[in-house]
Amino acid sequence: MKTAVKVCKFLVILLGAFIILMAFDSFDGTDTFWGMLLEFFMNSLPGIGLILLIILLWKQELILGILMIAAGIGLFFLFKFYREFNEKWLTFLTVEVPLIGSGVLFLIYKRAQIRSK
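Throughout the sequence shown, residue numbering follows our numbering, covering 3 to 119 in sequence.
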């Protein structure tokens with residue numbers, strides 16, 4: 003179980019890195035350099051936030067699980083997955099499943115830790 007939790011943490015870090023990588027799309031040359039830099043920063047904030055969240059709460063699986071599930075639910079409504087799901091299913095699998103799955107695993111792991119004491 004401990005290995006699965008560590009793998010989930012690294013997968014969420016990879017998801018954050020993937021979001022930051024996708025933010026490089028803002029450097030398309032249609033704006034000034036500072037405008038593109040601001041757009042890149044704004045687009046990479048969710049990825050930076052995910053990575054910082056994992057790093058800061060590495061040992062607090064209960065809080066991390068609750069926040070991962072909340073982030074998954076928030077992104078569900080932000081990306082409007084409830085509309086036209088046929089077109090957004092791949093994004094759903096890429097973003098939502100790792101967040102909610104890791105959140106549930108963190109909560110299960112913490113519950114098992116509490117029961118074993």
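All residues carry an ideal CB built from backbone N, CA and C; glycine is no exception.
Limits of the unbroken alpha helix (DSSP H) element including residue i
i: residue 111; result: 99-118
i: residue 67; result: 63-80
i: residue 86; result: Where residue 86 is concerned, there is no enclosing alpha helix (DSSP H), given that its DSSP letter is neither H nor E.
i: residue 55; result: 35-58
i: residue 16; result: 4-25
Proximity winner among the options, relative to residue i (alpha-carbon distances)
i: residue 28; options: 45, 71 and 61; result: 45
i: residue 104; options: 85, 60 and 86; result: 60
i: residue 15; options: 119, 84, 48 and 75; result: 48
i: residue 65; options: 114, 54, 5 and 109; result: 109
i: residue 53; options: 30, 70, 92 and 4; result: 70
i: residue 96; options: 107, 43 and 83; result: 83
i: residue 13; options: 78, 31, 94 and 56; result: 56
i: residue 80; options: 35, 36 and 98; result: 98
i: residue 58; options: 106, 5 and 11; result: 11
i: residue 100; options: 77, 118, 85 and 86; result: 77
Chain-order list of residues whose beta-carbon lies under 7 Å from that of residue i (same chain, five-residue window excluded)
i: residue 88; result: none
Cβ-based neighbour list, residue i, same chain, cut-off 8 Å, excluding 5 preceding and 5 following
i: residue 50; result: 18 and 22
i: residue 33; result: 41
Supposed contact pair residue j and residue i - C-beta distance, whole angstroms, cut 8 Å
i: residue 111; j: residue 7; result: 5 Å
i: residue 74; j: residue 116; result: Contact flag wrong, Cβ pair sits at about 23 Å.
i: residue 3; j: residue 72; result: About 23 Å; that fails the 8 Å criterion.
Neighbourhood of residue i by C-beta, 6 Å cutoff - its chain only, sequence neighbours within 5 removed
i: residue 25; result: 42, 45 and 46
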